[in-house]
Structures are given as structure tokens and as C-alpha cells.
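Under this note's numbering, think of the first position of the sequence shown as 1420, with each following residue one higher.
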Amino acid sequence: MRKIIIGILMLSLFLTGCGNTEMASNPLPEDAFWTIAHRGASAYAPENTLASYDLAEEMEADYIELDIHLTKDGEIVIMHDEDVERTTEGTGYIADYTLSELKELSADFQFEDKEETIYRVPTLAEVFDQFGDEIHYFIELKDSDKDEGIEEALIDLLEQYDMIGTAKDGKPRTVVHSFSEKRLQRVHELNQKIPLVKLISFKDEKFPELTQHEVDDILKYGAGIAINYEFLDRTVIKQMHEEGLLVYATAVQDAEAALHMKEIGANGIYTNRPDLLENGEAE
Ligand code: G3P
Ligand code: CA
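In C-alpha cells, the structure reads:
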């Protein structure tokens, strides 16, 4: 009798588990189409600066996309590359600068149309201080071996600024994305409330078909994938949706491509020009 009761209990626990899996909904809203300002409105202002985020907010982007690294003294700063050489006049790695040393550099080195203003490398805290809940954040963890412990530092800061969870407008305040499965898995281990998007890299000129095994791996932590828009069509997007992954199109820089992505069911676009659907270029 005891064995039968234990058996029934185990079966009901198993069925409850299955039920939860089936009922679990994607933490990212499926019917939304977001404009994600890539490194801010980086076609119009130096990438990853307060100025490029300011413009993105003015242009009513849904999200700003930003790349983060750790300084020598453990501050989270925003810069695409792990070294300072492309975007500032300095040399060497971010990891070898303290925050105050980094603040001496200008962050607009590569930007041609700049004005007299000197742009500085922002910290993530400064961005949260300035924009708060007015805009939302796609934060990229780079695949760099110089940022050890950045996942913990990021989650601490997100908690401190109350940036995890749903904002008043129903969108997640923060989404974390990365090419690095390891970093996304680490974030997932630390906090399951942050929606995660896996950036998919490609080498050939066609959609890098994901094996069922790869899709299943992403589904263990991720809510979506992001990939260059040229590899996306209705069929690929439908397949990914059926698997339970939302699909974001990267590197969309003109209105025609943006509208096409929307029409074939993508869930959003990453663009350097967050005003591209406003200026009627596709009409
Ligand atoms: O385009 C998506 C993106 O954020 C990943 O690429 O090099 O711009 O950080 P990257
Ligand atoms: Ca990025």
C-alpha cells in the first residue's frame, strides 16, 4: 500500500511538473515589435554615450542597446570593444583602467560629425540615473575573458536600481543578450527573472541552421535569439516561434527592411537609426 501511495505521489509530482512546463509563457511579450537602439542612436551621435541614448529616447526607441565591461576597480562601464583604441584616444584594455582614468578619455574618437562637446565613457549607473524607467535596456555581456564576475556585478546594480521585472508599460525593464552561452547561463543561474536573448553568429551567407540540440540548449535559459536580418524569412521565424523562441533582427538600418521584418513576424529590430520608421523612407 505504502509503495502505491508513493507511486501516486511521484506520478502527480511528475504531471504537475509537465503541466508547468507547458504553461510557462515566454517572459518576452510575443505580440510586440520593438525598436532597439543599437549602441543608442549611434548613426547620429557617438556610440554608447549618454548623447546617443538621449537621442534614442527622443526618437521613442523601446530599448537602448549597450555593451558593458568592468574597469580595474570593478565599475561597470559602457563601451563596445574590450580595449579603448577604436572609440577613444587612449590605448590598452578597459580592464587596466580605473574609472577615473577612463573618464579622462573622450568617447567619441571615431565619430565624424561630432560637435564641440566632449563625450565621456558612461557607467551603467549613470545611464540608470539619467533615464531610469523612461526607457528600457538591452544589455550585452561581451565574450571577453577580461570581465570576470561581471554577471554578479550587473545583477547587483540591476537590483540596486530596481531594473529587473516589468515596467509600467508592460515591457521588461531589462533584457540581457550575449553571443556567450556561458555568460547567459551564469545570469540564469543567478536570477531567473531576467529575459535572456542569445545572439547568433554566422559565417556563411545563409541562416546558420540551429540543430535541435542547440535550440534545446538555448531554451534552457533563453527567451529569444537575435540574428542579422538578412538571414531571416517567414519560415525561419515561424520555426523559432514554434520552438518557443522570439526572434530579433539585428543590423536593420533602413525603413524598408524594418517594415519587412515586422511583416514576416520578427519581434523587433536592432538599429543605429531608431527613427527609421518615423521618417517615412519606406513610403
Ligand atoms: O547587433 C547586435 C549586437 O549588439 C551584437 O553585435 O558587435 O554590435 O555588439 P555588436
Ligand atoms: Ca552590442
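For every residue, glycine included, the Cβ atom is placed at its ideal position computed from N, Cα and C.
If we call anything under 8 Å between Cβ atoms a contact, is Thr1454 one with Thr1690?
yes
Let me know the secondary structure DSSP gives Leu1560 once reduced to three states.
strand
Measuring from each Cβ to the nearest heavy atom of ligand 2, keep the ones under 5 Å and list them in chain order.
Asp1486 and Glu1559
Assuming contact is defined by CB atoms lying nearer than 8 Å, are Met1495 and Leu1573 in contact in what I supplied?
Residue identity check: residue 1495 is Ile in the sequence provided, not Met. The answer is yes: Cβ separation under 8 Å.
Among the residues of its own chain, which have a CB less than 7 Å from the CB of Val1671, if the five just before and after it don't count?
Tyr1648, Ala1677, Met1680, Ile1688, Tyr1689 and Thr1690
Which of helix, strand or coil does DSSP assign to Thr1440?
Bear in mind that the predicted position of Thr1440 carries a pLDDT of just 40, short of 50, making it unreliable; the figure below should be weighed with that in mind. Of the three classes helix, strand and coil, the one that applies to Thr1440 here is helix, per DSSP.
Tell me the residue span of the alpha helix (DSSP H) that contains Ala1645.
Taken as a continuous stretch (DSSP letters only), Ala1645 belongs to no alpha helix (DSSP H), being part of the beta strand (DSSP E) at Gly1643 to Asn1647.
Does the beta carbon of Asn1445 come closer than 8 Å to any beta carbon on chain C?
In the displayed structure, chain C is absent; only one protein chain is listed.
Decide yes or no for the touch test of the region 1500-1515 against the region 1549-1556: beta carbon pairs closer than 8 Å, at least 3 of them.
no
Could you say which of Tyr1472, Pro1465, Pro1448 and Thr1468 lies nearest to Ala1456 if we only look at CA atoms?
Tyr1472
In whole angstroms, what is the alpha-carbon distance linking Phe1598 and Gly1584?
23 Å
How big is the Cα-Cα spacing for Asp1588 and Leu1485?
21 Å
Of all the options Gly1641, Glu1624, Lys1601 and Arg1592, which has the alpha carbon lying nearest to the alpha carbon of Gln1611?
Gly1641
Could you tell me which uninterrupted beta strand (DSSP E) segments, each at least 3 residues in length, are contained entirely in the region 1541-1595, listed from first to last along the chain?
1555-1560
In whole angstroms, what is the alpha-carbon distance linking Leu1696 and Glu1675?
9 Å
So, using beta-carbon positions, are Thr1507 and Ala1526 closer together than 8 Å?
yes
With C-beta atoms as the reference, is Tyr1463 less than 8 Å away from Leu1474?
yes
Helix, strand or coil, according to DSSP, for Tyr1538 in the structure here?
coil
Nearest-angstrom Cα distance between Gln1549 and Ala1460?
16 Å
Residue ranges of each beta strand (DSSP E) run of no fewer than 3 residues wholly in the region 1448-1514, ordered along the chain?
1453-1457, 1482-1489 and 1495-1497
Per DSSP, what are the beta-bridge partners of Tyr1667 in this structure?
Ala1645 and Gly1687
Are the beta-carbon atoms of Leu1638 and Leu1603 separated by less than 8 Å?
no
Cα-Cα separation, Thr1517 to Val1595:
25 Å
Ser1597, DSSP secondary structure in three states:
strand
Which residue or residues does DSSP assign as beta-bridge partners of Lys1617?
Ser1597 and Ile1644
Between His1660, Leu1609, Glu1608 and Tyr1667, which has its C-alpha nearest Ile1619's C-alpha?
Tyr1667
DSSP state of Ser1519, grouped into three classes?
helix
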